[in-house]
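One structure is given below, encoded as structure tokens.
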Amino acid sequence: MVVPSPTSMRSRKTKAVGIPVIDLSLDRSILSELVVQACEDYGFFKVVNHGVPMEVVSKLENQGTEFFSKPAAEKKKAGPATPFGYGCKNIGQNGDMGELEYLLLHTNPLSIAERSTTISDDPQQFSGIVNGYITEVRALACEVLDLMAQGLWIGDRTVFSRLIRDVDSDSLIRLNHYPSIKDWDPSSKLTRTDDQIGFGEHSDPQILTILRSNDVDGFQICLHDDRFWVPVPPDPTQFYVIVGDALQALTNGRFVSVRHRVVANSSVKPRMSMMFFGAPPLNAWISPLPEMVSPQNPSLYRPFTWGEYKKVVYSLRLANNRLDSFKLH
Ligand code: GA4
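Numbering (my numbering), first residue to last: 230 to 558.
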């Protein structure tokens, strides 16, 4: 793996001297500008002073640790992931693989309650902890989305957050568990290289993702204008925000969904990450907001429903650029 030195980073892209850190305790008007800047330059930033109680985070982390430490036969009872449930090595249905295992759940409380019975010996406790985490990170996602709308001078500040607050929102929660190198399966079909893939390169299809991981590294983002991978230091007490494809479309390309991946070659202990993917209801229309369109900036994408987009997402491979099929020019 080529790890860029600060000097080579600066020479390739002058702005790339560090991942933006946004302090949510700052004044809203300053914050909204910083958030917009970060979404334009990186499609990615870290939030601190986020207000999510650490107890809520560690409870979910403990549930994850407990589940992933179960014998394989036990874990399989919660799978296969089609797409929800327990998955191991297979990502999606089109042949993508990675050195990880995961739990992918819809955030609908009924769906969580049903899934919990195959995941935990105490399904009620598990559901309660997952729902508690979702409530907190969804609120964080909405706060960030409202700041984005404010920074973009959109009259209706809740134009983005409304989509993921909707009771029919298609938001998801995912726990990814990357075994440490010493625990790798020797019969694995994946070959070991310096850049071993944990989760392959992709952009997130949704509006935005709230990511939290333990203190094990491996997460990398790709800067927009070249194929340059930047390692993101893990920070268990904070969250990272990832701009998704739907937000790129809604902002008519002003915000860019950042490509990211996980390389899993540097860890001596397992990496565990938890992602909240904020998504609209399946029947919601996604199209560039009128405020983002002008004669100088004509609409880049044709309108589509989230349900239509998802069909395309699941028909393609992880690394494909899905938004391209909706481009007008
Ligand atoms: C990437 C982002 C989310 O993890 C995810 C993934 C989904 C899945 O694992 O079921 C996909 C992937 C993700 C994009 C392309 C398709 C669908 C696997 C895959 C190969 C849950 C999502 O929404 O899209």
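Glycine is no exception: its CB is placed at the ideal position from the N, C-alpha and C atoms. Because the structure is a prediction, the values reported are computed rather than measured.
Just to confirm my understanding: we take residue i, look at its own chain, exclude 5 residues before and 5 after, and list those with CB closer than 8 Å. What are they?
| i | result |
| --- | --- |
| Pro-524 | none |
| Pro-510 | Leu-392, Asp-395, Asp-397, Ser-398, Asp-399, Trp-535 |
| His-279 | Leu-253, Leu-369, Gln-467, Phe-468 |
| Val-487 | Tyr-271, Gly-272, Phe-273, Ser-432, Ile-450, Cys-451, His-453, Ile-471, Val-472 |
| Asp-385 | Ala-378 |
Is any non-hydrogen atom of the ligand GA4 found closer than 6 Å to the C-beta of residue i, if you look at the structure I gave you?
| i | result |
| --- | --- |
| Pro-352 | no |
| Gly-366 | One point to set straight first is that residue 366 is Val, not Gly, in the sequence displayed. Every heavy atom of the ligand GA4 is 6 Å or more from the Cβ of Val-366, so no. |
| Asp-375 | no |
| Asp-433 | yes |
| Gly-272 | no |
| Pro-510 | no |
| Val-461 | no |
| Leu-197 | The requested residue 197 does not occur in the structure, where the chain is confined to residues 230 to 558. |
| Val-445 | no |
| Pro-312 | yes |
| Val-542 | yes |
| Ile-515 | no |
| Gly-482 | no |
| Ile-320 | yes |
| Leu-547 | yes |
| Pro-399 | The amino acid at residue 399 is misidentified as Pro; the sequence shows Asp. No, since every heavy atom of the ligand GA4 falls outside the 6 Å radius drawn around the Cβ of Asp-399. |
| Asp-325 | yes |
For residue i, which of the options has the nearest alpha-carbon?
| i | options | result |
| --- | --- | --- |
| Leu-369 | Met-521, Ile-515, Ile-251 | Ile-251 |
| Leu-557 | Pro-408, Tyr-543, Pro-527, Lys-539 | Pro-527 |
| Ser-544 | Pro-300, Gly-429, Pro-312, His-279 | Pro-312 |
| His-335 | Trp-382, Asp-325, Met-504 | Met-504 |
| Val-277 | Asn-512, Leu-547, Ile-248, Arg-488 | Ile-248 |
| Asn-405 | Cys-268, Leu-547, Val-542, Gly-293 | Gly-293 |
| Gln-435 | Lys-306, Ala-475, Arg-441, Asp-444 | Ala-475 |
| Ile-439 | Gly-384, Ser-356, Val-366, Pro-519 | Val-366 |
| Tyr-407 | Thr-480, Leu-260, Asn-443, Leu-552 | Asn-443 |
| Lys-306 | Trp-458, Leu-332, Gly-321, Leu-339 | Leu-332 |
| Lys-318 | Lys-539, Gly-429, Asn-291 | Gly-429 |
| Val-522 | Gln-477, Pro-499, Val-497, Thr-364 | Gln-477 |
| Thr-480 | Ile-259, Leu-518, Leu-437 | Leu-518 |
| Pro-463 | Leu-437, Ser-287, Met-501, Phe-297 | Met-501 |
| Trp-514 | Gln-354, Lys-304, Glu-295, Val-388 | Val-388 |
| Leu-339 | Ser-349, Ser-356, Leu-547 | Ser-356 |
| Gln-300 | Lys-498, Thr-364, Glu-330 | Note that residue 300 is Pro in the sequence shown here, rather than Gln. Checked all of Lys-498, Thr-364, Glu-330; the closest Cα to Pro-300 is Glu-330. |
Determine which residues share a DSSP beta bridge with residue i and list them.
| i | result |
| --- | --- |
| Leu-440 | Tyr-469, Met-504 |
| Asn-405 | Tyr-331, Ser-502 |
| Pro-460 | Gln-449 |
| Asn-319 | Met-326 |
| Thr-534 | Trp-514 |
| Arg-490 | Gln-449 |
| Ile-426 | Val-492 |
| Lys-275 | Val-250, Tyr-469 |
| His-431 | His-489 |
Going along the chain, which residues of its own chain have a beta-carbon closer than 6 Å to the beta-carbon of residue i, five neighbours each way excluded?
| i | result |
| --- | --- |
| Asn-550 | none |
| Pro-352 | Ser-345, Thr-346 |
| Ser-390 | Cys-371, Leu-374, Asp-375 |
| Phe-448 | Val-461, Val-491 |
| Asp-553 | none |
| Leu-263 | Ile-251 |
| Arg-257 | none |
| Ala-342 | Ser-356 |
Leaving out five residues before and five after residue i in sequence, what residues of the same chain have Cβ atoms less than 7 Å from its Cβ?
| i | result |
| --- | --- |
| Pro-309 | Gly-316 |
| Leu-289 | Ile-358, Val-359, Tyr-362, Met-503 |
| Lys-244 | Note on Lys-244: pLDDT 44, under 50, position unreliable in the model; no value is reported. |
| Val-541 | Arg-551, Ser-554 |
| Met-283 | Thr-466 |
| Ile-265 | It should be pointed out that residue 265 corresponds to Val in this sequence rather than to Ile. Counting only Cβ-Cβ distances below 7 Å, and skipping sequence neighbours, we find Met-377, Gly-380, Leu-381. |
| Asn-512 | Thr-534, Gly-536 |
| Val-485 | Gly-272, His-453, Val-472, Gln-477 |
| Met-326 | Lys-318, Asn-319, Ile-320, Leu-419 |
| Ser-234 | Legend: pLDDT at Ser-234 = 36, less than 50; position of this residue unreliable, value from coordinates given subsequently. Once the five neighbours on either side are set aside, Ser-234 has no close Cβ partner at all. |
Step through the CB atoms of chain B and report whether any lies within less than 7 Å of the CB of residue i.
| i | result |
| --- | --- |
| Val-472 | Chain labels in this structure do not include chain B; a single protein chain is all it has. |
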